[in-house]
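**Student:**
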Amino acid sequence: RRGAAPRSASPALAHAPPARRASDLPAGGDDGTGAEAGAAALRFDNGFGGLTAAGDYEVRVRGDRVPPAPWANVVANARGGFVVTERGGGFTWAENSFFYRLTPWHNDPVSDPAGEALYLRDEESGETWSATPAPVRRDAPYTVRHGAGWTSFAHEHAGIATRLTLSMAGGDPVKVSRLRVANRGGTARRVALVAYAEWTLGVLREHTQHQVRTELDAARGAVFARNFFDPQFAGQVAFCALSEPLAGHTGDRCEFLGRNGTLAAPAGMRGEALSGRHGAGMDPCAALRCVLELAPGEAREVVVLLGAAEGEDEARRLVDAYRDPARARSAAARSVDGWAERLSVITVRTPEPAFDAMLNRWALYQALSCRMWARSALYQSSGAYGFRDQLQDVMAFVHAEPALAREHLVRAAARQFVEGDVQHWWHPHSGRGVRTRFSDDLAWLPYVADHYVRVTGDASLLDERVPFLAMRPLEPHEHEVYDLPAVSAEVGSVYEHCLRALRKACTAGAHGLPLIGTGDWNDGMNRVGVEGRGESVWLAWFLADTLRRFAVHAAERGEDAAAAELRAAADRYAAAVEAHGWDGAWYRRAYFDDGAPLGSAGSGECRIDSIAQSWSVISAAGHPERRAAAMRSLEEHLVRDDERLLLLLAPPFDTTPRDPGYIKGYLPGVRENGAQYTHAALWAVLATALSGDGDRAFELFQMINPLTRARTPAEVDTYRVEPYVVAADVYTAAGQVGRGGWTWYTGSASWMYRVGLEAILGFDRRGDRLAIRPCVPGGWGEFSLEYRFGRSVYAITVHDPAGVRRRGAEVRVDGRVQASAEIPLADDGARREVEVRPLPVR
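As structure tokens, this is what we get:
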């Protein structure tokens, strides 16, 4: 991937805008992609792209001048979705992004190949181009926009202007591609269009290409495809449909590409008739051709559908529902409005627009569209739920999508074995997954359940009845087993699931610390305690916090003995860390099976680990003086201000004779092995905010903020990956310092949202009460946020937030001073003006 000399960066505007709604989009067929806007000014313009006034991310490409790595969008609903890059690469799936890919996932960030394309051909001149920059590469400009739930491509070639908009059809597993073709010349034009898709219908096209059978439904202009060899998805009928009458078609990829042909120059675009061949035993594709006759100034909209359904009747119903352009536009509008609705529940406006842009749109969108629904992206495609992973993600949804958070808590509880441990990850359609010896997984259920109940006030979650799983225990020599467990006859409330999880998690080794098993939060440390004796300092902090939080729920249910049991266990862990985890200037990370410390000043590698320090603060379980010293050590050894990086550990593993696990398999300075692992870096920001340093907390947050890592052409060349979504890691390896690792599919997005909203802006809701406890830079005169609570809207302005933090808050609602510093919340449809000021000096 190459890039020409880009434009210089332009200054940012004052504030991030609210989320866009379909009703806000311009009239006249423009769907908000800005194809008619030309080179409008962008915020945070880095030479390749920037934010539009509406908050979408625009990328401008031309020929070989593309960003140094794919800049993608992940668009999904609960039943399907697609990944699309600025060149038009990516893939589409239905129901499961790993097991039922409709088109190929390539995992190739260098060439970024396309498995789908929309070709155009001038029938007079014979020139062929594509509606996206790939696969037909031309030295001509394309304007690409990624928005919440959609991506668009605008282009003009020889007087034919096209605007392709991609979105999902509401809640159905159907990708809707709407191509607007306009004749801007003074003569009539005849343009052929071919919609092309390479069928996968499984995990890998190379494995399934001889298993796919296709057939044409001529009345609907659709190709149906099935893979009968897949027992799990054999009933699924995939389809590719065109809204225009067909002028040709084929299901034979070899015919369309030609012998030794390529997607960049397919034989099927040379003007020759397509054979109409479909069936089995061929390299399968869907190639659907139509011809548009366009008068001068005339524009037409063509719809291409790509999706799947259970059975042919349902597939035909979906094609009929969305093939018509008007219905397709309506479906796209519903998707846009759905995202606008959830992303505008909380809208913040601060003196820092890059901060606002991440909180108002991109962080929450990334967490829900990619992490929760897609569970797939350009660099990783799993389709599975991770037990600890999506539980942490849904903590960010308690305001915008509380029902989704509740639903997933129940779903996760159902993946717990009768013994109390859980599936480390599982595939939702089959229930197959891995039973492991990871030590922290099971404790995330009570931790997240507590967060949900405290924020929403919905304690009924804890009474929800959920069955346990049954499966043979791991043998002593087994570290994990992938299998399909049975649903047991034993059923318990979510509260009982949480209590069983905590009791299972409360182990103790020689130092009184919990056993690390084959990994705690850091999966890469899977051999520290592989023999069953290694201990985790971080896990002691995490358990102490979770036990104390959940003891409150036990006490509220009248189970005083259980509450006392949980609090006593928390106290034992806190005491054990202070007795055996303190290293003199910071907390150790763990103990190996042989009793040797990890994360100690005496260690040659991994002398200090970030999360053992940050969680001494987050848990509030560390000794006050020691946790302050630990955070100073974190700053000294793990924060590189000059490179704007927050390291997970230092120095990285390289030549140490002890084997901590697969973390050592990464190059030093890559991913968990001494890079910035953003998930943990955000915990460091959270701990800094909880320590009361608003200036430093915000500074660290902005170091992580991707919009601040790619501000100029030089920074883009270093960082490389998308500047609008969070990267899982940023390298510190020699020669690659500051380079972004994989993006989109990371739990860092949800933590970025929570740290920004809750820890920095101090948004603290407890049921029907809201407090604002800011920890922001001292120079902020004020900030504001608008919160939609049910049908009501609270427009909140925080004056002198640093003073609020120092002296406490005086709250006025519609001009009336409240008796406490909390804002009472009522779902009555009213709009209320709220002012938060420091308490007067008396």
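Note that the numbering used here numbers the sequence shown so that position 73 is 75, with each residue one more than the last. Virtual Cβ for every residue (Gly too), placed ideally from N, Cα, C.
Excluding sequence positions up to five away, which residues of its chain have a Cβ less than 7 Å from the Cβ of G831?
**Tutor:** Excluding residues within five positions, the ones whose Cβ falls inside 7 Å are R793, S794.
**Student:** With the cut-off set at 8 Å, would you say G278 and P268 are in Cβ contact?
**Tutor:** No, Cβ-Cβ distance for G278 and P268 is not below 8 Å.
**Student:** Pick out whichever of H801, R809, Y755, L772 has its Cα sitting closest to the Cα of Q394.
**Tutor:** Looking at the Cα atoms, Y755 is the closest of the given residues.
**Student:** Quick one: is N262 buried, meaning 16 or more other Cβ sit within 10 Å of its Cβ, or exposed?
**Tutor:** Exposed: under 16 other Cβ atoms inside 10 Å.
**Student:** Can you find the residues in the same chain that come closer than 6 Å, C-beta to C-beta, to N75, ignoring five residues on each side of it along the sequence?
**Tutor:** Closer than 6 Å at the Cβ level, and outside the excluded window around N75, lie V86, H148, T153.
**Student:** Once DSSP output is grouped into helix, strand and coil, what is the label at A16?
**Tutor:** In this prediction, A16 scores a pLDDT of 37, lower than 50, which makes its location untrustworthy; the coordinate-derived value is nonetheless stated afterwards. Looking at A16 - three-state DSSP - the assignment turns out to be coil, as it is neither helix nor strand.
**Student:** Taking its Cβ as the centre, do 16 or more other Cβ atoms sit within 10 Å of E835, making it buried, or is it exposed?
**Tutor:** So E835 ends up on the exposed side.
**Student:** Rounded to a whole number of angstroms, what is the C-alpha to C-alpha distance between R818 and E837?
**Tutor:** Spanning the two alpha carbons is a distance of roughly 10 Å.
**Student:** Would P840 and V806 be called neighbours here (beta carbons separated by less than 8 Å)?
**Tutor:** Taking 8 Å as the Cβ cut-off, P840 and V806 qualify as a contacting pair.
**Student:** Following the continuous alpha helix (DSSP H) through D547, name the residue where it begins and the one where it ends.
**Tutor:** Unbroken alpha helix (DSSP H) run through D547: 539 to 558.
**Student:** Between S538 and A592, how many whole angstroms is the CB-CB distance? I'm expecting something under 8 Å.
**Tutor:** That pair is a contact at about 5 Å.
**Student:** What do you reckon, are the CB atoms on A150 and L406 nearer than 8 Å?
**Tutor:** Not in contact: A150 and L406 (Cβ atoms no closer than 8 Å).
**Student:** Identify which residue in L772, V412, L370, L44 has its Cα closest to the Cα of E788.
**Tutor:** The shortest Cα separation from E788 among L772, V412, L370, L44 belongs to L772.
**Student:** Could you please give me the residues that DSSP links to I825 through a beta bridge?
**Tutor:** In DSSP, I825 forms a bridge with L772.
**Student:** Between F100, R551, R89, which has its C-alpha nearest H429's C-alpha?
**Tutor:** Among F100, R551, R89, the Cα nearest to that of H429 is on F100.
**Student:** Alpha carbon to alpha carbon, how far is R272 from E125? Give it in angstroms, no decimals.
**Tutor:** Roughly 10 Å separates the two Cα atoms.
**Student:** For Y484, count neighbouring C-beta atoms within 10 Å of its own C-beta (all shown protein chains included) and say buried if the count is 16 or more, exposed if not.
**Tutor:** Exposed: under 16 other Cβ atoms inside 10 Å.
**Student:** Residue range of the alpha helix (DSSP H) that I162 falls in?
**Tutor:** No alpha helix (DSSP H) contains I162, which is instead part of the beta strand (DSSP E) from 162 to 170.
**Student:** Of all the beta strand (DSSP E) runs that stay within the bounds of the segment 416 to 442, which reach a length of 3 or more residues?
**Tutor:** Listed in chain order, they are 425 to 428, 435 to 438.
**Student:** Given that a residue counts as buried once 16 or more other Cβ atoms are within 10 Å of its Cβ, and exposed if not, what is A491?
**Tutor:** That one is exposed.
**Student:** Using 8 Å as the threshold, is the segment 232 to 249 in touch with the segment 280 to 293, meaning 3 or more CB pairs across them?
**Tutor:** A contact exists between the segment 232 to 249 and the segment 280 to 293.
**Student:** According to DSSP, simplified to helix, strand and coil, what is F703?
**Tutor:** Looking at F703 - three-state DSSP - the assignment turns out to be helix.
**Student:** Would you mind giving the Cβ-Cβ distance between G313 and H280, rounded to the nearest angstrom? I have them listed as a contact below 8 Å.
**Tutor:** Contact doesn't hold; Cβ gap of about 19 Å is too wide.
**Student:** Over what stretch of residues does the beta strand (DSSP E) that includes V483 continue unbroken?
**Tutor:** Counting along the chain, the beta strand (DSSP E) containing V483 begins and ends at 482 to 485.
**Student:** Where does the unbroken alpha helix (DSSP H) through Y721 begin, and where does it stop?
**Tutor:** Unbroken alpha helix (DSSP H) run through Y721: 715 to 721.
**Student:** Would you check if the distance between the CB atom of L181 and the CB atom of L120 is smaller than 8 Å?
**Tutor:** The answer is yes: Cβ separation under 8 Å.
**Student:** Kindly indicate the opening and closing residues of the beta strand (DSSP E) around L296.
**Tutor:** Residues 286 to 296.
**Student:** Identify the continuous beta strand (DSSP E) that holds W152 and give its terminal residues.
**Tutor:** 152 to 159 is the extent of the beta strand (DSSP E) around W152.
**Student:** Under DSSP, the beta strand (DSSP E) around Q238 begins and ends at which residues?
**Tutor:** 238 to 244 is the span of the beta strand (DSSP E), which, as asked, contains Q238.
**Student:** When the Cα atoms are used, what is the spatial distance from F389 to S612?
**Tutor:** If I take the Cα positions, the gap works out to 23 Å.
**Student:** Pick helix, strand or coil for N362, following the three-state DSSP scheme.
**Tutor:** DSSP places N362 in helix when its eight states are reduced to three.
**Student:** My output table needs one value for H251: the three-state DSSP class, helix, strand or coil.
**Tutor:** Three-state DSSP puts H251 in a strand.
**Student:** Mapping DSSP to helix, strand and coil, what is W685?
**Tutor:** Correct three-state label for W685: helix.
**Student:** Please classify A37 as buried or exposed, where buried requires at least 16 neighbouring CB atoms within 10 angstroms.
**Tutor:** Legend: pLDDT at A37 = 40, less than 50; position of this residue unreliable, value from coordinates given subsequently. With 16 or more Cβ atoms within 10 Å of its Cβ, A37 is classed as buried.
**Student:** Tell me whether the segment 588 to 608 and the segment 650 to 665 touch, counting them as touching only if at least three CB pairs, one residue from each stretch, are closer than 8 Å.
**Tutor:** In short, these stretches touch, since the Cβ pair count reaches three.
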